[in-house]
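Undergrad:
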Amino acid sequence: DTAVSQTPKYLVTQMGNDKSIKCEQNLGHDTMYWYKQDSKKFLKIMFSYNNKELIINETVPNRFSPKSPDKAHLNLHINSLELGDSAVYFCASRATSGITDTQYFGPGTRLTVL
Amino acid sequence: DAKTTQPPSMDCAEGRAANLPCNHSTISGNEYVYWYRQIHSQGPQYIIHGLKNNETNEMASLIITEDRKSSTLILPHATLRDTAVYYCIVQSRGSNYKLTFGKGTLLTVNP
Chain A
22 DTAVSQTPKY
32 LVTQMGNDKS
42 IKCEQNLGHD
52 TMYWYKQDSK
62 KFLKIMFSYN
72 NKELIINETV
82 PNRFSPKSPD
92 KAHLNLHINS
102 LELGDSAVYF
112 CASRATSGIT
122 DTQYFGPGTR
132 LTVL
Chain B
2 DAKTTQPPSM
12 DCAEGRAANL
22 PCNHSTISGN
32 EYVYWYRQIH
42 SQGPQYIIHG
52 LKNNETNEMA
62 SLIITEDRKS
72 STLILPHATL
82 RDTAVYYCIV
92 QSRGSNYKLT
102 FGKGTLLTVN
112 P
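So the protein lines, in turn, are chains A and B. Note that this note's numbering has the first sequence beginning at 22, numbered continuously upward. Note that this note's numbering has the second sequence beginning at 2, numbered continuously upward.
Here it is in structure tokens:
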């Protein structure tokens, strides 16, 4: 069973469009994240939610809006897409139990803005 | 900004041990050392973490120096599937826990 899944895997769209990426985890974790990996391969955190509450909001354009309908889902909506939004977006969930504190990443969504 | 320094790339022969160094000279007392890796086109994968003691699991061993200013990730018998970018991350735990990735080390395991 897939622990952290993302849809779609690939997304190609035109500048100015609005698109959403969905993430679901079946691990029972309370905390979920969105990361962006740009063309230079740098991975940077964007947002984090804990039990549907936003707890981390890095310097991200307000065109990006995360939404968490329940603790198993964290979706990312992007308005007015720009060329610079092209990247791979990774969702992750966090396990904290005793000494364990690890993140489980999804397979990524490759967004290409034309 | 990442608080760690890693060599940009390393090579290792298949079947041999891969020793990946990491410097974290400004590490604080409550910060852990985490290692993740990213195989091409996949999401990062957790490997191991530690505070001050050496740690071992089914994937790797983590050796942390006594002053905690550096550490080494050891893959005891590297395989071709271990070719990946390896990230060393120092991070405290807590509600605002997040991973700050640096550039990592590209480990290439050669046949």
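Idealized CB from N, CA, C, for every residue including glycine.
Using three-state DSSP, classify G51 of chain B as helix, strand or coil.
TA: Mapped onto the second sequence, residue 51 of chain B falls at position 50. Looking at G51 of chain B - three-state DSSP - the assignment turns out to be strand.
Undergrad: Comparing the C-beta of K70 of chain B with each C-beta of chain A, is any distance below 8 angstroms?
TA: What you label residue 70 of chain B is simply residue 69 of the second sequence in a count that begins at 1. False, the Cβ-Cβ gap to chain A never drops below 8 angstroms.
Undergrad: Would you say the stretch 87-107 of chain B touches the stretch 70-89 of chain A, given that touching needs at least three Cβ pairs under 8 angstroms?
TA: The stretch 87-107 of chain B vs the stretch 70-89 of chain A: in contact.
Undergrad: Are the beta-carbon atoms belonging to L74 of chain B and E15 of chain B less than 8 angstroms from one another?
TA: The sequence position of residue 74 of chain B within the second sequence is 73, counting from 1. The sequence position of residue 15 of chain B within the second sequence is 14, counting from 1. For L74 of chain B and E15 of chain B, no; Cβs fall outside 8 angstroms.
Undergrad: Taking only the alpha-carbon atoms, compute the straight-line gap between T90 of chain B and W36 of chain B and give it to the nearest angstrom.
TA: Taking the second sequence and counting its residues from 1, one reaches residue 90 of chain B at position 89. Taking the second sequence and counting its residues from 1, one reaches residue 36 of chain B at position 35. Rather than Thr, the amino acid found at residue 90 of chain B in this sequence is Ile. In a straight line, the C-alpha of I90 of chain B is about 6 angstroms away from that of W36 of chain B.
Undergrad: Among B:A79, B:I49, B:S93, whose alpha-carbon lies nearest the alpha-carbon of I65 of chain B?
TA: Stepping through the second sequence from its first residue, residue 65 of chain B is reached at position 64. If we check each option's Cα against that of I65 of chain B, B:I49 comes out closest.
Undergrad: What does the Cβ neighbour count give for D12 of chain B, buried or exposed, with the cut at 16 atoms within 10 Å?
TA: Residue mapping note: residue 12 of chain B aligns to position 11 of the second sequence, counting from 1. Result: exposed.
Undergrad: Quick check on E45 of chain A: buried or exposed, where buried means 16 or more other Cβ atoms within 10 Å of its Cβ?
TA: Taking the first residue of the first sequence as position 1, residue 45 of chain A is located at position 24. The residue is buried, with at least 16 neighbouring Cβ atoms inside 10 Å.
Undergrad: Under the rule that 16 or more other beta-carbon atoms within 10 Å means buried, what is A18 of chain B, buried or exposed?
TA: Taking the second sequence and counting its residues from 1, one reaches residue 18 of chain B at position 17. Under this definition A18 of chain B is an exposed residue.
Undergrad: Cβ of A113 of chain A within 8 angstroms of Cβ of L132 of chain A?
TA: Within the first sequence, residue 113 of chain A is the residue found at index 92, counting from 1. Within the first sequence, residue 132 of chain A is the residue found at index 111, counting from 1. No Cβ-Cβ contact shorter than 8 angstroms links A113 of chain A with L132 of chain A.
Undergrad: Quick one: what does DSSP say R82 of chain B is sitting in, helix, strand or coil?
TA: As a first step, residue 82 of chain B is located in the second sequence; it is residue number 81 there, counting from the start. Of the three classes helix, strand and coil, the one that applies to R82 of chain B here is helix, per DSSP.
Undergrad: DSSP three-state label for D51 of chain A, please.
TA: Taking the first residue of the first sequence as position 1, residue 51 of chain A is located at position 30. It is coil, neither helix nor strand.
Undergrad: Give the range of the beta strand (DSSP E) segment to which I28 of chain B is assigned.
TA: Reading the second sequence from its first residue, position 27 is the one you call residue 28 of chain B. From DSSP, I28 of chain B is part of no beta strand (DSSP E); its letter is neither H nor E.
Undergrad: Going by C-alpha distance, which of A:V25, A:Q35, A:A24 is nearest L104 of chain A?
TA: The residue you call residue 104 of chain A lines up with position 83 of the first sequence. Comparing Cα-Cα distances from L104 of chain A to each of A:V25, A:Q35, A:A24, the minimum goes to A:Q35.
Undergrad: Is DSSP giving L104 of chain A helix, strand or coil here?
TA: The count along the first sequence starts at 1 and reaches residue 104 of chain A at position 83. Looking at L104 of chain A - three-state DSSP - the assignment turns out to be helix.
Undergrad: So, under 8 angstroms CB-CB, K65 of chain A and T130 of chain A are touching, yes? Tell me the CB distance rounded to an integer number of Å.
TA: In the first sequence, the residue the question calls residue 65 of chain A occupies position 44. In the first sequence, the residue the question calls residue 130 of chain A occupies position 109. Actually they do not touch by this definition, with Cβ atoms about 15 angstroms apart.
Undergrad: Could you check whether the Cβ of K99 of chain B sits closer than 8 angstroms to any Cβ belonging to chain A?
TA: For the purposes of this step, residue 99 of chain B is identified with residue 98 of the second sequence, where counting begins at 1. At least one C-beta of chain A is nearer than 8 angstroms to the C-beta of K99 of chain B.
Undergrad: Between A:N100, A:N96, A:G37, A:S41, which has its C-alpha nearest F68 of chain A's C-alpha?
TA: Taking the first sequence and counting its residues from 1, one reaches residue 68 of chain A at position 47. Closest by alpha carbon: A:N96.
Undergrad: Compute the beta-carbon to beta-carbon distance between D122 of chain A and R38 of chain B, rounded to the nearest angstrom, for a pair I have assumed lies under 8 angstroms.
TA: In the first sequence, the residue the question calls residue 122 of chain A occupies position 101. In the second sequence, the residue the question calls residue 38 of chain B occupies position 37. With a Cβ gap of about 17 angstroms, D122 of chain A and R38 of chain B do not count as contacting.
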